[in-house]
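Q:
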Amino acid sequence: MHLFLTDPDTATFLTDELRRATPHSSVREIEGLDIASDVKLDGLLLAFARQTLPDAVEIQAASINAWADRIIDAVVGVFPDDQPWRLHLWPQYGEGKAGRHRCELILTSLMERLKKRRRHLLRSLIDSDAVFDVQTSLAQGVLTSPETGWLSATPAPRAHALRSLISSFPRGEVPLADDKSAPSRAFTKLVEAEQRLGRRIERGETCVDLGASPGSWSYVALNRGAHVTAVDRSELREDLMRNPRLRFESADAFKYQPPQTVDWLVCDVIAAPQRSIDLLLEWLREKRMRNFIVTIKFKGHDEYALLDMLKCDAPPLCAEFHLTRLCANKNEVCAFGVVK
Ligand SMILES: C[S@@+](CC[C@H](N)C(=O)[O-])C[C@H]1O[C@@H](n2cnc3c(N)ncnc32)[C@H](O)[C@@H]1O
Numbered sequence: 000m001h002l003f004l005t006d007p008d009t010a011t012f013l014t015d016e017l018r019r020a021t022p023h024s025s026v027r028e029i030e031g032l033d034i035a036s037d038v039k040l041d042g043l044l045l046a047f048a049r050q051t052l053p054d055a056v057e058i059q060a061a062s063i064n065a066w067a068d069r070i071i072d073a074v075v076g077v078f079p080d081d082q083p084w085r086l087h088l089w090p091q092y093g094e095g096k097a098g099r100h101r102c103e104l105i106l107t108s109l110m111e112r113l114k115k116r117r118r119h120l121l122r123s124l125i126d127s128d129a130v131f132d133v134q135t136s137l138a139q140g141v142l143t144s145p146e147t148g149w150l151s152a153t154p155a156p157r158a159h160a161l162r163s164l165i166s167s168f169p170r171g172e173v174p175l176a177d178d179k180s181a182p183s184r185a186f187t188k189l190v191e192a193e194q195r196l197g198r199r200i201e202r203g204e205t206c207v208d209l210g211a212s213p214g215s216w217s218y219v220a221l222n223r224g225a226h227v228t229a230v231d232r233s234e235l236r237e238d239l240m241r242n243p244r245l246r247f248e249s250a251d252a253f254k255y256q257p258p259q260t261v262d263w264l265v266c267d268v269i270a271a272p273q274r275s276i277d278l279l280l281e282w283l284r285e286k287r288m289r290n291f292i293v294t295i296k297f298k299g300h301d302e303y304a305l306l307d308m309l310k311c312d313a314p315p316l317c318a319e320f321h322l323t324r325l326c327a328n329k330n331e332v333c334a335f336g337v338v339k
């Protein structure tokens with residue numbers, strides 16, 4: 000069984016997406032989780048899954064200590080010896096503190112047990128949300144009640160291989176960035192996509208920002224020291240327009256072509272989803288950029304199946320391709336990745 004975690008608001012979209020991607024699988028929803036069998040994870044992309052728990056096993060554990068023992072049983076002999084591993088444990092029942100408190104007690108019991116009996120496992124347990132490298136394993140536990148839940152143990156290098164499905168952030172939730180000086184809150188989308196990708200716009204890099212006004216994505220790139228070509232019909236905030244590393248082009252984002260390959264295409268243009276998908280595929284085919292972060296916006300809920308074409312056509316053109324509804328997204332998803 001594989002478990003897929005979604006935002007409660009998008010649970011039905013995830014179930015539809017799973018059924019479209021894997022018509023022969025059986026999918027059931029419980030407590031904000033989609034549980035699916037007969038699903039092949041390799042190559043699967045699910046925009047509405049925040050987190051995936053591969054090969055999850057259903058657990059009954061009558062006490063805190065029993066939970067700790069089950070976690071140890073799940074990882075011993077499964078994770079490579081003396082390589083780093085991470086643990087994400089969270090409650091998926093009720094509201095409020097009780098579930099979180101139970102998880103804290105389980106973690107305390109686990110640490111005590113590891114200290115006594117499995118010191119090498121304790122030494123290699125790390126707390127990090129950096130994108131998975133090929134050496135890092137991931138254990139995930141979700142409590143669906145105090146005494147029941149699921150455990151998933153994904154050894155290295157599989158966690159890395161499945162990084163388009165498995166987030167390095169617990170539950171796939173990335174805390175939203177904060178910056179009161181940005182022209183709008185939209186910058187949180189760009190920063191979240193960078194964090195999920197494990198790459199960010201750096202000093203000296205070149206960046207094309209399509210649909211750039213009022214300028215919060217350009218603002219992030221400029222603050223990092225990048226050179227930005229901002230394309231929009233409306234100008235950006237005045238201070239950004241004066242920045243010597245910003246070149247503003249009053250043009251149609253769908254017609255703009257850079258004179259040479261740029262380090263980053265970032266695009267948050269308001270357009271019908273098919274237009275944004277076509278734009279991204281054209282840029283990928285023409286190898287106009289090395290990295291990309293592109294928002295695909297929807298009106299209503301009837302057009303998510305348009306993403307299936309992108310899932311099919313983009314990955315062969317990319318060294319890395321992700322398609323995710325970010326925590327900072329509203330009725331949008333974000334395609335981001337690295338070009339081949
Ligand atoms: C959501 S806003 C972008 C916000 C921006 N990322 C930021 O953080 O400030 C979308 C922008 O797309 C621009 N836009 C829409 N259609 C466009 C087109 N065909 N060509 C250029 N810009 C376009 C709009 O003028 C608008 O400024």
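If you read the sequence shown in numbering that gives the first Met the number 0, its first letter stands for residue 0, the second for the next number, and so on. Ideal placement from N, C-alpha and C gives every residue a C-beta, glycine not left out.
1) Nearest to Ala129 by CA position, among Val338, Arg85 and Asp231, is which residue?
2) Look at Val265 and Ala252 and say whether their C-beta atoms are less than 9 Å apart.
3) Cβ atoms of Val207 and Val293: under 9 Å apart, would you say?
4) Any chance the CB of Ala211 is under 8 Å from a heavy atom of ligand 1?
5) With a cut-off of 8 Å on the beta carbons, I'd call Leu279 and Ala334 a contact; round off their distance for me.
6) In the DSSP assignment, the beta strand (DSSP E) including Ser249 goes from what residue to what residue?
7) Would you check if the distance between the CB atom of Arg232 and the CB atom of Ser215 is smaller than 9 Å?
8) Just list the alpha helix (DSSP H) runs in the segment 52-94, keeping only unbroken ones of 4 residues or longer that don't cross its boundaries, in chain order.
9) By the 10 Å Cβ neighbour count, where 16 or more other Cβ atoms means buried, how is Ala97 classified, buried or exposed?
10) If I follow the unbroken beta strand (DSSP E) through Asp262, where does it start and stop?
11) Alpha carbon to alpha carbon, how far is Leu175 from Pro7? Give it in angstroms, no decimals.
12) Distance, Cα to Cα, Lys114 vs Phe78?
13) Note down the Cα distance separating Leu150 from Gln259, rounded to an integer number of angstroms.
14) If you measure from the CB of Leu189, is any heavy atom of ligand 1 nearer than 8 Å?
15) Any idea what DSSP makes of Gly340, helix, strand or coil?
16) Assuming Gln91 and Glu30 are in contact, meaning their beta carbons sit under 8 Å apart, how far apart are those beta carbons, in whole angstroms?
17) Could you pull the start and end residues of the beta strand (DSSP E) that Met288 belongs to?
18) Can you find the residues in the same chain that come closer than 7 Å, C-beta to C-beta, to Asp307, ignoring five residues on each side of it along the sequence?
19) I'd like to know whether the C-beta atoms of Leu239 and Ala225 end up nearer to each other than 9 Å.
20) Rounded C-beta distance between Ser166 and Gln50? I'm assuming under 8 Å.
21) Considering only residues of the same chain and omitting the five flanking positions on each side of Glu146, which have a CB-CB separation below 7 Å?
22) Name the residue from Phe297, Arg122 and Leu325 whose alpha carbon lies nearest to the alpha carbon of Gln273.
23) Does DSSP put Val219 in a helix, in a strand, or in coil?
24) Could you have a look at Ala10 and say whether DSSP puts it in helix, strand or coil?
25) Beta-carbon of Pro243 versus every beta-carbon of chain B: anything under 9 Å?
26) Under a Cβ-count criterion, where at least 16 other Cβ atoms within 10 Å of its own Cβ denotes burial, should Gln256 be classed as buried or exposed?
A: According to the structure data:
1) The residue with the shortest Cα to Cα distance from Ala129 is Arg85.
2) no
3) no
4) Yes, since a heavy atom of ligand 1 falls inside the 8 Å radius drawn around the Cβ of Ala211.
5) 6 Å
6) Leu245 to Ser249
7) no
8) 63-74
9) exposed
10) Val261 to Cys266
11) If you take the alpha carbons of Pro7 and Leu175, they lie about 18 Å apart.
12) 18 Å
13) 48 Å
14) yes
15) With the chain running from 0 to 339 in the structure shown, residue 340 is simply not present.
16) 5 Å
17) Met288 to Lys296
18) Arg19
19) no
20) 5 Å
21) Gln59, Ala60 and Ala61
22) Phe297
23) helix
24) Of the three classes helix, strand and coil, the one that applies to Ala10 here is helix, per DSSP.
25) Annotation note: the requested chain B is absent from the structure, which comprises a single protein chain.
26) Exposed, because fewer than 16 other Cβ atoms sit within 10 Å of the Cβ of Gln256.
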